[in-house]
Structure formats: structure tokens, C-alpha cells
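Asks:
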Amino acid sequence: MGEESGSIIVRPNAPLDQPPDGLIIGSLPWVSGLDLVDFPCCGVLQFSVPEMGVTNAFQYNLRDAGCLTASTKICPFEWTVQEGDWVIEGTEVNNIENTKVIQKGKIFVRDSATLIIKNSELRMERGSTPTIHVYIFVDPDATLIIDNSLIYPGPESGSLACVINHGTTSMIDSPTSIHYFDMSDGATLMMENSEMIYEIGGLLQVAGGNTTVTNSTIGALGLSVPAGAHLTATDLKSGTYFDHWKVQDLIPDANYNLTLDKVTVLKDDFTGELEHGPFERGWIFFLDPDSHVRLSDSELRKVFIEVRNDTAEFENLKIGEPSSLKYRDIILENIVVEGEWPFTIIDANVTITDSNYLFLQPSGSSTIKLVNSHIVEFIPRAFSGTIIFKNGSWSNAGEIIGDVQYHSKSNNFTISGSLKIDDSVRTNLQWKNAQVIREFDVILTDSQGNPINSGVIKIDGEEYITDETGLTKFSLVFNDTNYNQPIILEAWYLEKLIDQQVIDFFAETPIRLNQ
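Under the working numbering, read the sequence shown as residues 38 to 552, first letter to last.
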């Protein structure tokens with residue numbers, strides 16, 4: 038191909054010293070679009086390599102990707118696009134067969150309806166969904182059949198394809214990229230010759246029902262230990278192959294059925310940014326506060342601790358190094374958690390000290406105190422209480438959501454104390470129909486670092502007076518319309534403006550202002 042301006046140029050999508058995984062097709066000057074070039078948006082590509090011959094022919098169609106060129110060739114759409122939540126109900130049987138579907142929103146398989154996905158691709162995109170998880174919900178009498186098909190998330194950042202199964206699901210000969218698949222009481226899953234692996238997930242989460250998995254691979258296995266049940270184990274490692282295994286081999290009193298025949302659970306070998314955090318690999322446990330657990334000398338991705346209508350304290354819970362925990366009749370000794378330490382806190386008072394990579398799910402009127410501790414994921418659910426930080430930090434992820442039935446009906450809580458929020462939270466936080474009162478401490482000092490007494494802090498039309506330590510407090514109410522909007526904070530002394538700062542929900546506290 039020529040090298041003149043407007044010529045079609047095909048180049049690898051990686052530097053010469055790195056292996057490419059695709060091609061960039063454009064024009065000069067590099068890289069310009071193909072708007073004025075007679076290059077069709079669909080067809081067959083084949084390359085002649087000097088002294089090596091001709092490559093295989095590759096059929097392509099870029100129509101759905103927004104391809105625009107000067108070619109007059111008419112290219113068909115490959116994908117059917119479904120906008121908004123898709124509800125299949127009554128006794129309806131809906132077949133997706135030999136096709137490609139982009140679903141922009143959730144799927145509800147209700148009543149006695151059936152959804153069959155056969156020889157097809159289903160791409161789950163968020164659309165207007167407020168959460169990063171985009172769900173297929175299967176009602177108790179409904180059926181989902183996945184046969185020789187692909188299910189995966191859309192290309193936009195943060196979208197995760199998930200299934201909440203209360204009914205009957207079968208997955209046969211299907212290498213899916215489902216992030217997590219939840220099994221509830223009364224549900225049935227038969228998975229055969231299939232995969233459930235995503236780059237940060239692939240969790241089979243079992244809390245009830247009847248699950249049979251055969252000749253398959255999953256990214257992670259999450260097991261519920263119900264009230265009254267016993268779990269005693271040592272030396273658990275990720276990267277496990279199960280020739281034939283039942284959940285009662287590990288949790289004898291489990292009130293659900295799970296059988297794994299010739300099944301691989303991937304090794305927790307994440308590195309870099311994925312090494313620690315809210316990602317799914319290996320072993321995960323969900324411990325009821327009334328369960329009886331003895332876990333020691335094991336490697337887990339996560340272990341969920343639930344505190345309900347109680348007062349509890351935890352300390353020295355770290356990621357990537359041996360940690361121990363005792364709560365009620367739950368004893369963890371020398372456990373290496375690689376992902377995060379999750380806590381479900383329901384109408385309880387909890388203090389956590391000197392810990393990192395915490396995942397908090399508070400609800401009700403709980404009060405949580407975090408001292409010298411770090412949270413990596415924060416998802417309040419119908420929370421109306423208070424979180425108090427003392428030298429706290431928050432990174433990576435969070436969802437503050439209300440008016441979503443399957444997530445949280447409401448959130449209206451208070452954050453106070455000393456907290457530093459990482460820029461990653463500003464990027465990743467999902468906020469919709471919820472309210473947070475954030476209490477800010479302000480310290481006002483002179484040029485020598487001495488506290489200024491009777492300084493005036495002005496913000497949002499209100500004034501606050503500093504005390505002899507230079508300290509004052511004020512509160513702002515944030516919601517999904519203003520949490521990232523700048524507000525000017527001013528410091529006045531002797532009727533002169535001495536400092537100002539722009540803040541929003543993410544501002545570090547205490548706020549320090551100087552003369």
C-alpha cells in the first residue's frame with residue numbers, strides 16, 4: 038500500500054518490541070480516519086508477505102463499531118441492540134439463537150418465563166443501570182438456558198456481567214465471562230463443559246439451592262457457612278482441581294448442595310494493580326455470625342464477616358500477610374487474605390484498628406469507627422448511621438446508591454473524622470439517589486503554624502468560628518448532583534481574607550488553612 042496522504046495504511050496495534058493483538062487501519066497523516074477513503078466497512082482481509090506467501094483470509098465487519106468511510110458498499114449490522122431493561126414474563130419463551138445481542142441494561146426472567154441463549158453472543162452493557170454490575174435475574178419458577186454461547190460485559194469501563202439465580206439455570210458448552218453467579222435458596226444450576234472466567238472475576242457464589250458443575254473452570258468459589266454450621270479447615274490454597282467433591286466434605290452442615298466433578302478453580306495469581314482489592318479468585322467464604330469456624334494456615338481471597346445487632350472490635354487485619362481474627366465462635370489463625378477483608382455490618386457498633394483493604398457494607402443505624410485503617414471498597418445498603426475515621430483512607434471503589442430494589446432502597450448517612458480519599462475513588466465511585474452528610478474539620482493557623490482563635494470560616498453562605506486550637510467544624514449535604522461540584526471555602530481573620538480552598542465531597546480532612 039502507498040505512503041501518500043490519504044492512502045490506506047495497516048499497522049500492528051503495538052510497538053515493534055511488543056506482540057500485537059490486532060491491527061490499526063487508517064490513513065496518512067498517521068493516524069487519520071477513513072472518511073474520505075474508498076475502504077469498505079466489511080469484507081475480507083488478506084496480506085501478501087514478501088518471501089513468505091499469503092496469510093489466511095480474515096472476514097471483518099466494523100459496521101456496529103461506527104465505521105465510516107467513502108465506500109459505497111452496504112454492510113449489514115451484526116448485532117441486535119436492546120435498549121433498557123429487558124423483561125421476559127408470564128409463560129413467554131424467548132430464544133436468542135445464532136445471533137449477537139447487545140443488552141444495554143438488566144434482564145429479568147420472571148414468573149414461569151424461559152430465556153434460551155443458543156449458539157449466540159450476549160454482551161451486557163450498563164445502559165442507565167446505576168451499578169457497575171449488570172444482572173440477569175432469574176425468578177424462582179423461571180428458566181435460563183445458556184447453550185454453546187458467550188456472555189460477557191461491554192467495552193465501557195466498569196461494566197460487569199452477573200447472574201442472580203433464584204430459578205433454574207443450565208450452562209452447557211459455554212465459555213462465559215460472567216463476573217459472578219449467585220445461587221440462592223431453591224435455585225438450581227447445572228454447568229457442564231463451560232467456563233466462568235473474567236479478567237477480574239468468575240465467582241460462583243453459593244448460598245443455597247442445588248448446584249452441579251462438571252468438566253468446567255471457574256475463577257473463584259464462594260461458599261456460605263450458615264448459622265449453626267461448622268467449617269474446620271487448614272492449608273487451603275487457591276488453584277484447586279476437584280475430581281469429585283461435595284460441599285459437605287468441607288462444611289458438613291451446609292444446607293445446600295454443591296457437587297464439583299472435574300472442576301478447576303483458578304489460582305489467585307493476580308499481580309500489579311489486581312494483586313489486592315475487590316477482585317475474584319480462589320477461595321471466598323461468607324460466615325454467618327452464628328456459624329462455628331476454625332480456619333488456619335490458609336490462603337483466601339476474601340472472608341466475609343457479618344456483625345449483626347452486636348458490638349465488636351477488630352485489629353491488625355492485613356492483606357498479603359498472616360492475620361488472625363476471633364469473633365464469637367469464628368476463629369481465623371494465620372490466614373493470608375489476598376483480596377480484601379469484607380464486613381457486613383447490620384445495626385451494629387464496630388471498631389476496626391490498624392487494618393487495610395477493608396470492604397465495608399454497613400446498613401441500618403450502625404456506627405463504625407476506623408482507626409489507622411484503609412478501605413478499598415465501600416457499598417452502604419440502606420444505611421442511616423455514621424462512619425468515624427481517625428487517620429483513615431479510602432481507595433479504589435464504592436457505590437452510594439438508593440432507590441434500587443436489589444441493591445439498596447435508600448442511603449442517608451454521616452461521615453466524620455480524618456480521612457484521605459484517593460483519586461481512584463473520584464474516578465470509580467457510583468452515586469445515585471442517595472445522600473451523605475460529611476462533617477469537615479478545619480484547622481486555621483498563622484504563618485508560624487500557631488492556631489488562630491476567632492478566625493471565621495465561610496462556606497455555602499454560612500460562617501463558623503475557630504476555637505483556641507484553631508479548630509472549627511462544618512457539615513455539607515452531598516447527593517448525586519453535587520458531590521463532585523467545587524465549593525469555595527474561605528478563611529477570614531480581622532476582616533481580611535487570609536486563605537481559601539476549593540473542596541467537594543472528596544476533600545481530605547482535616548482541612549488546613551494558613552494565614
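The beta carbon of each residue, even a glycine, is placed where N, CA and C say it ideally should be.
Could you check whether the segment 287 to 294 touches the segment 345 to 357, counting it as contact only if at least three pairs of C-beta atoms, one from each stretch, sit closer than 8 Å?
Replies: No, because fewer than three Cβ pairs between the segment 287 to 294 and the segment 345 to 357 fall closer than 8 Å, the two stretches do not touch.
Asks: Can you look up T294 in the DSSP assignment and give me helix, strand or coil?
Replies: What sits at residue 294 in the sequence shown is Asn, not Thr. N294 falls in the strand class under three-state DSSP.
Asks: Can you list, in chain order, the residues of its chain with a C-beta nearer than 7 Å to that of P547? Leave out the 5 residues immediately preceding and following it.
Replies: Counting only Cβ-Cβ distances below 7 Å, and skipping sequence neighbours, we find S455, D478, V479, I480.
Asks: Over the uninterrupted alpha helix (DSSP H) stretch that includes S461, give me the two end residues.
Replies: 460 to 465 is the extent of the alpha helix (DSSP H) around S461.
Asks: Figure out for me which residue from R331, P167, N449 has the closest Cα to the Cα of A266.
Replies: A266 has its Cα closest to that of R331, out of R331, P167, N449.
Asks: Using DSSP bridges, identify the partner residues of V47.
Replies: According to DSSP, which records beta bridges pairwise, V47 is partnered with I62.
Asks: Can you tell me where the beta strand (DSSP E) holding K427 begins and where it ends?
Replies: Note, K427: beta strand (DSSP E), 423 to 438.
Asks: Does M38 come out as helix, strand or coil in the three-state DSSP assignment?
Replies: Here the model assigns M38 a pLDDT of 43, short of 50, so the residue's position is not dependable and the matter cannot be decided.
Asks: Can you list the alpha helix (DSSP H) stretches of 4 or more residues lying completely in the segment 68 to 98, in chain order?
Replies: Listed in chain order, nothing qualifies, since the segment 68 to 98 has no complete alpha helix (DSSP H) run of 4 or more residues.
Asks: Relative to the alpha-carbon of F316, which residue among L303, D325, P326 has its alpha-carbon at the smallest distance?
Replies: Nearest of L303, D325, P326 to F316, Cα basis: L303.
Asks: Would you please state the rounded distance, in angstroms, between the beta carbons of F341 and L324? I believe it to be under 8 Å.
Replies: Between L324 and F341 the Cβ distance is about 6 Å, and since that is below 8 Å, they are a contact.
Asks: For a test of the three-state rule: what should DSSP assign to D184, helix, strand or coil?
Replies: In the structure shown, D184 sits in a strand (DSSP, three-state: E or B).
Asks: Among E343, L550, A94, which one has its Cα closest to the Cα of S484?
Replies: Of the listed residues, the one whose Cα sits closest to S484 is L550.
Asks: Among L273, A198, P190, R338, which residue has its Cα nearest to the Cα of A257?
Replies: A257 has its Cα closest to that of R338, out of L273, A198, P190, R338.
Asks: Tell me the rounded alpha-carbon separation between G39 and P77.
Replies: Because G39 carries a pLDDT of 47, less than 50, the predicted location of this residue cannot be relied on, and no value is offered for it.
Asks: Taking the straight line between their C-alpha atoms, what separation do you get for S432 and S461?
Replies: For S432 and S461, the distance between alpha carbons rounds to 6 Å.
Asks: Are N393 and S421 closer than 8 Å when you measure CB to CB?
Replies: Contact flag unset, no.
Asks: On a CA-only basis, which of W468, F450, F426, V413 is nearest I437? Give me that one, please.
Replies: Comparing Cα positions, the closest option is W468.
Asks: Taking DSSP as the reference, what is the three-state secondary structure of G486?
Replies: In this structure, G486 counts as coil in the three-state DSSP scheme.
Asks: Determine the direct distance from the alpha carbon of G238 to that of E336, and round the result to whole angstroms.
Replies: Cα-Cα distance, rounded: 17 Å.
Asks: CB-CB under 7 Å to F114, same chain, minus the five flanking residues each way: which ones, in chain order?
Replies: For F114, where only same-chain residues beyond five positions count, the Cβ hits under 7 Å are R100, D101.
Asks: Quick check on the DSSP output: what are the complete beta strand (DSSP E) runs of length 3 or more inside the segment 249 to 276, in order along the chain?
Replies: Qualifying beta strand (DSSP E) stretches, in chain order: 257 to 262, 267 to 271.
Asks: Can the beta-carbon of I540 be found less than 8 Å from the beta-carbon of L526?
Replies: Yes. Within cutoff.
Asks: So, R163 versus S214, is the Cβ gap smaller than 8 Å?
Replies: No, Cβ-Cβ distance for R163 and S214 is not below 8 Å.
Asks: The beta strand (DSSP E) with E352 in it runs from where to where?
Replies: Unbroken beta strand (DSSP E) run through E352: 348 to 352.
Asks: I'd like to check one pair, I288 with L273: are the Cβ atoms closer than 8 Å?
Replies: Taking 8 Å as the Cβ cut-off, L273 and I288 do not qualify as a contacting pair.
Asks: Taking just the CA atoms, how far does T277 sit from M228?
Replies: The alpha-carbon atoms of M228 and T277 are separated by roughly 18 Å.
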